[in-house]
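Asker: What follows is a single structure, and I will ask about it in a moment.
Residue numbers (UniProt numbering): 1 to 188.
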């Protein structure tokens with residue numbers, strides 16, 4: 001149990017202390033990673049991120065190193081960390097402005113997608129970050145935004161036995177209202 005909370009604390013500190021890399025519209029990674037759409041990736045979460053009968057407490061430093069190399073979520077998570085330090089304007093038309101914003105919450109940074117109309121907030125979605133759900137589990141969010149302003153949010157649950165797929169939801173941005181509409185959901 002102690003190692004699990006130590007891992008969570010180290011992850012949070014690492015998020016906050018990451019080197020600031022400037023991401024711009026020339027670097028499309030601010031839109032997330034399209035690998036979230038691949039069915040094979042979803043299947044690999046449960047197989048590669050399972051602790052193989054152990055718990056976080058049982059793992060040595062070498063075991064952690066191997067786990068980080070094998071778990072597809074750990075690999076993906078490293079790609080998202082630099083996004084935590086910046087805010088991005090990603091769409092502006094005559095009515096709606098869409099921003100990716102970093103919200104710091106008690107050493108638990110999260111990325112949100114906000115829509116505004118004439119400086120008035122219309123809607124928001126948490127697209128990346130971690131939420132504590134119950135002791136000792138966490139819910140982690142990852143996202144992808146395509147050119148048609150469809151947003152996929154992948155949610156995984158981390159428990160003592162590993163990290164496992166929870167759901168993937170697809171939203172569409174209504175360009176007239178600025179609201180996100182849920183259009184599809186895939187549950188475990």
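Backbone N, C-alpha and C fix where the C-beta goes; we use that ideal spot for every residue, glycine too.
Being a predicted model, the structure only gives us computed values, none of them experimental.
Going by Cα to Cα distance, which pick from 180, 36, 168 is closest to residue 75?
Answerer: Out of 180, 36, 168, 36 has the C-alpha closest to the C-alpha of residue 75.
Asker: Taking the Cβ atom as the reference point for each residue, do residue 178 and residue 118 lie within a distance shorter than 7 Å?
Answerer: Not closer than 7 Å, so no.
Asker: Taking the C-alpha atoms as reference points, what is the distance between residue 187 and residue 78?
Answerer: Taking the straight line from one Cα to the other gives about 25 Å.
Asker: For the alpha helix (DSSP H) that residue 64 lies in, which residues bound it at each end?
Answerer: Taken as a continuous stretch (DSSP letters only), the alpha helix (DSSP H) holding residue 64 covers 61-70.
Asker: Count the CB pairs spanning the region 96-109 and the region 127-136 that are closer than 8 Å, and state whether there are at least three.
Answerer: Short answer: they touch.
Asker: To the nearest whole angstrom, what separates the beta carbons of residue 172 and residue 150, a pair I think is in contact under 8 Å?
Answerer: Between residue 150 and residue 172 the Cβ distance is about 5 Å, and since that is below 8 Å, they are a contact.
Asker: For residue 45, report the span of its alpha helix (DSSP H) as first-last.
Answerer: It spans 39-48 - the alpha helix (DSSP H) in which residue 45 sits, taken as one unbroken run.
Asker: Is residue 158 closer than 7 Å to residue 138 when the C-beta atoms are compared?
Answerer: Taking 7 Å as the Cβ cut-off, residue 138 and residue 158 qualify as a contacting pair.
Asker: Is the CB-CB distance between residue 72 and residue 54 below 7 Å?
Answerer: In this structure, residue 54 does not lie closer than 7 Å to residue 72 by Cβ.
Asker: Residue 243 bridges to which residues according to DSSP?
Answerer: Outside the modelled stretch of the chain, which goes from 1 to 188, sits residue 243, for which no answer is possible.
Asker: My output table needs one value for residue 161: the three-state DSSP class, helix, strand or coil.
Answerer: Three-state DSSP puts residue 161 in coil, outside helix and strand.
Asker: Hey, could you find the ends of the beta strand (DSSP E) residue 129 is sitting in?
Answerer: 120-134 is the extent of the beta strand (DSSP E) around residue 129.
Asker: When DSSP labels each residue in this structure, what does residue 74 get in the three-state scheme?
Answerer: It is helical.
Asker: Buried or exposed for residue 189, going by 16 or more other Cβ atoms inside 10 Å?
Answerer: As shown, the chain starts at 1 and ends at 188. That puts residue 189 outside it, with no answer to give.
Asker: Assuming residue 142 contacts residue 34 (C-beta within less than 8 Å), just tell me the rounded distance between them.
Answerer: Actually they do not touch by this definition, with Cβ atoms about 11 Å apart.
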